[in-house]
Amino acid sequence: MIALLLSMLAARRAQALAVLLLSVFATGAAVAGPVYLRAVDRAVVQTEVAESDRREQTLALSTFVGEESGLDAERFDSIGPNMVEVDGFDQVYSTQYAVLGLEPKVGEISWLVFRGEVCPHLRMVAGRCVASAGETVLGEHTARRLGLAPGAAITVQAARYDEQAKRYVPDGEPARLTVAGVYQPIDVDEIYWGRSAFFALGAPDATREPIFVGRQTADRVDHRTDYRTVEAIPQPGTLTVDRVDEVRADLEDMSEDLVGDGSMFASVNSDLEGLLDRIDQAQTLARRVVPVAAVPLVALCWFVIFLAVAYGATGRRHELGLVALRGSSRPVRWWLTAGESVLAILLGAPIGYLAGTAAVWLVTEARFGIGAELDTVALPYAGVALAGALAAALLAQRPQLASPVADLLRRVPARQGVWRSMAVEATVVVLAAVAVFQLRGFSGELVGLSLLVPSLVAVAIALVAARLLMPLASRLGARALRRGRLGPALGALQLARRPGSHRLFVLLTVAVALLGFAAVAVDVAGTARSERAVVQTGAHRVLTVLPVDAGILLHAVREVDPDGRYAMAAAVITLDDGEPSLIVADTSRLAQVAVWRPEFGPTAGEAAALLRPDTPEPYEVRTGSLAVDIDYTGANSAVGLNAVLRPLSGGASIRAGFGMMTPGARTYTASAGACAEGCRLLALELAVFARSASERPEILVREMRDGASGQPILSTADLTGADRWRGADDDTMRVEPGGLVLATSSTPQLYSWALPADLPYPLPVLPAGELPNSGELPGLDAERAEVRVVGEATILPKVGGHGVLADLEYAERAALGGTRLEQPQVWLTAEAPADLVDRLATKGLVVAGDTTADDARASLDRRSPALAIWFHLLAAAFAVLLAVGGLALMAAVDRRRRAEDMLVLHRQGMPIGIVGRAALWSYLPVVMVALVTGALAAGVAWWLAGDYLPVFVDDSIQLPLPRWPAPLAVGVPAALAAVGFVAAAIAVAVALRRSVVTSRVRD
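All residue numbers for the sequence shown refer to our numbering, where the first residue is 3 and numbers rise by one.
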């Protein structure tokens, strides 16, 4: 029996090879999905970890240790390290506290720090690292600024913050230390530094560069309290795709232990769980995208195997009839019928496993630089593919095994079982309808049956079109025959009568539909990423500068670009959890510089007009001394008056104090030396130093002058204009004919203000999303103030759908306190000059980062949805190859019988040229109609399911997705598929003609 089977394989080796290749395809397709997902998982973990900072990867247990905390060092040292033990993480122990003595300014502190194994992470630019007690190393900038070198002695003293004095004061005995060396950190972003805030760009040297000492020195310097931390830092290879689940489990166990331990004496700080959550979310999205293409691809492979084996069995009907006629038992008939296919499928499965992995390796290596690995993760899927292939092969041969001998010996098989195929097709159509209803009516996500919406819709359309195509081909063939067009007539009639024609049509149509859907998805997703990249960047290019005062930033950018054509000052202020991010920008340049889309709501010009209404000119002071005429009513309270000023070029606010008020009418003077170049008056501030419960003292400001020239700065007319001033409280300011009255508050408030009405109040804001219920937001000085909503946007550049936009200049002028920006930026257009960074540097702005929309697009391209969507193209390529192979295989099986028919007709007088035309008309119409129907099916599938395909990991910026792709993006793959299908049809016709010619010559 085995010898017979082998001889059968040798006799039909082309067909056996075709089935083997189809088995390779089926197994490779089944393996490709999970292997590709595994590669995406690795890429996701690598990307998320690489783009996270060291604080997000570190776990820290911290607490204050000492007399005031109630926790001694020995207890912390014995318990703390055990509480943050995580497999694959190293522990770094640190101690730090504030000291005085190094900095010359009174009350200015430095940080004395012990950090375990610090020396290997420092580059010594002078001297050596600490080696014994009493030694220290200083940062390079600190040593240079203070003129210290190795061998120098410094005296430090522990310090604490005094609330009454509002500064640090000594809190221990002085200690003498020797400078052993001067250091630079080798890499400030190195994971070793964990969650520490040292080496922050733009921070003062005293807080940026700590004083590093040994453990003995840190303990011996007299201090009452210090801050101790045990940090768990991941080792190389810990945060990988193979370990993230273990790390999450360890963190959960650790959290349970901390909660279960009654001695919760320390706080645990970590953003690691957030990083792991982002990884999980990204991997989950990939698992929703890849199966949309992977599942139908495997099913398509099974379908092609079914067609191939069914066609082969149909071609062997006479042989199988003779076997049955000789009385062979049913098991023998099953073995002789199925043995060839089963053996070929079994041989192709392991090759397919390797081939699928290799194909995915090539794609993933080219697409995102991480090749697939050959492992056992896809073995279960390969087993399912093999079982499905075997089932398809056996099912395809069942009709021949179940047919009577008389039917098997007929040249043309009897038509039967039509109702079965129609029932199956109707079931597929109903499943497609149910899947669409589930997706659009209930789940709204590609899960469960709705995962198959694109493929089911394509199959349903193909089946319906196939049922219409066969009768149409029969009518066209009959018409062509009546008109004497023999070639088209024979081809069309063959198409209508051939049992597998409609299945071939379905195969080609579904392959084209999968290719079309993949091309649309990839192009639309790419366009969406490009659009989002520009919006989340805010402008074509964004420069991040070191922390700087808002006024300095605004003044510098306006000087560099006085016409406002290509540069705009801006900043993003992150507020408390749950509150929208605040973006402040020089809205006078919003329309010229920022990326502003119609979906945002109001236009950029309208937003600027709403946020920056016309206002009176502010009061300016251009002198170094001030004089003010005041009437003071009060005898038992101590009050003073300050003029709150801010330099026009930006900088910290200045309080020019006029001293303590004395009863009666007097002239008071104040020094304002920093305002010689120009300041803007922010407020007149009444300061209460002591008050009597029995009185509410008031001052009447009559006039403010230049103390040197006597020129009025605030005339009586200015001070008595009712629309020129406003009070922070209703009862602390009023206008009288003689001047402006400032009164102490009825509450225990220490200050009262009169504010020039040179700004819109409350500050106009344009929100996207909900504002806090209080209607207040922190200003640039961190003081919460009421804001006024002047419009509504759906999306804002940079911050998306949960943010607030305000004018930077108005926000800076509204703040009485410090206006230092922690995330200052300069937004640029594509026309910004190449030397702009240097020009900004001359204005005192130090550029720390440079981001473009292309950079943001590249970052989005590395995220899981972008990586996963490319599998659709890989699957579509598989599908097209399968379709071409299925067409060639069916033609090869059919060629012998067709050649015999054509030879008979030729002997009866039919010209040989008609043979080729008849063969061409047998397959070319199927190909052409399949191309059109497949394109239509792809469009319908995208219309129904395209909006539900995940494109981004998060929804922070919800732009409407492009509805349809660029014509070229779909046209190129469609043209390639058309060329492949048409070439295959022509090749089949040529092969059939050659067979007829060869047979005629032989005769």
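A virtual CB, placed ideally from N, CA and C, is assigned to each residue, including glycine.
Residue i and residue j closer than 7 Å at C-beta
i	j	result
alanine 1	glutamine 93	Shown here, the chain extends from 3 to 1005; a query on residue 1 therefore has no answer.
alanine 552	leucine 782	yes
valine 438	valine 455	yes
glycine 741	valine 703	yes
phenylalanine 1019	alanine 398	Residue 1019 falls outside the range modelled here, since the chain spans only 3 to 1005, and no answer is possible.
alanine 672	alanine 658	yes
glutamate 700	aspartate 631	no
leucine 278	arginine 245	no
valine 311	alanine 395	yes
valine 743	alanine 685	no
alanine 832	histidine 542	yes
leucine 465	serine 452	no
phenylalanine 602	isoleucine 797	yes
valine 33	alanine 384	yes
glycine 103	tyrosine 170	no
glycine 183	glycine 149	no
Helix, strand or coil at residue i [DSSP, three-state]
i	result
glutamine 166	coil
arginine 624	coil
glycine 729	strand
proline 83	helix
arginine 178	strand
valine 882	helix
tyrosine 568	coil
serine 866	helix
phenylalanine 873	helix
glutamate 700	strand
leucine 19	helix
phenylalanine 91	strand
proline 456	helix
leucine 73	strand
methionine 472	helix
isoleucine 463	helix
glutamate 58	helix
phenylalanine 201	coil
methionine 663	coil
phenylalanine 214	strand
Sequence-distant residues of the same chain with beta carbon closer than 7 Å to residue i, five excluded per side
i	result
glycine 846	Ile554, Ala558
glutamate 811	Leu556, Asp588
Burial state of residue i, where buried means 16 or more other Cβ atoms lie within 10 Å
i	result
glycine 675	exposed
arginine 790	exposed
isoleucine 188	exposed
threonine 821	buried
valine 1003	Annotation note: pLDDT 47 at valine 1003 (below 50); position unreliable, coordinate value reported separately. Label assigned to valine 1003: exposed.
tryptophan 945	exposed
glutamine 59	buried
methionine 662	exposed
leucine 448	buried
Beta-carbon contacts of residue i that lie in its chain and below 6 Å, excluding the five residues immediately before and after
i	result
threonine 734	Ala745, Ser747, Ser754
threonine 97	Phe116, Ala220, Asp228, Arg230
glutamate 1006	Nothing in the structure corresponds to residue 1006, since the chain is present only between 3 and 1005.
valine 526	Pro964, Pro967
serine 54	Leu277
leucine 22	Ala346, Leu349, Gly350
Contacting residues, own chain, Cβ-Cβ under 8 Å from residue i (five flanking each side not counted)
i	result
glutamate 581	Pro774, Leu779
valine 47	Leu241, Thr242, Val243, Val246, Ile281
beta-carbon residue i near the ligand GTP non-hydrogen atom, thresh 6 Å
i	result
leucine 241	Ligands displayed in this structure: none; no statement on the ligand GTP is therefore possible.
If we count Cβ pairs, one from each stretch, closer than 8 Å, do we get three or more for the segment 633-644 versus the segment 580-591?
With contact defined as three or more Cβ pairs closer than 8 Å, the segment 633-644 and the segment 580-591 are not in contact.
Is it the case that the segment 617-630 contacts the segment 677-691, given that we only count it when at least three CB pairs across the two stretches are under 8 Å?
yes
When the Cβ atoms of the segment 75-91 are set against those of the segment 277-286, are three or more pairs found closer than 8 Å?
no
Cβ pair count under 8 Å reaching 3, the segment 133-148 against the segment 207-223:
yes
Kindly confirm or deny that the segment 237-256 and the segment 111-127 touch, where touching means at least three C-beta pairs closer than 8 Å.
no
Segment contact flag, the segment 860-873 with the segment 606-625, C-beta cutoff 8 Å, min 3 pairs
no
Check whether the segment 509-525 and the segment 798-814 are in contact - that is, three or more C-beta pairs closer than 8 Å.
Pairwise C-beta distances place the segment 509-525 out of contact with the segment 798-814, as fewer than three of them are shorter than 8 Å.
Using a Cβ distance threshold of 8 Å, determine whether the segment 75-86 contacts the segment 175-182, with at least three qualifying pairs required.
Look at the beta carbons and you see the segment 75-86 not touching the segment 175-182: under three pairs across the two are nearer than 8 Å.
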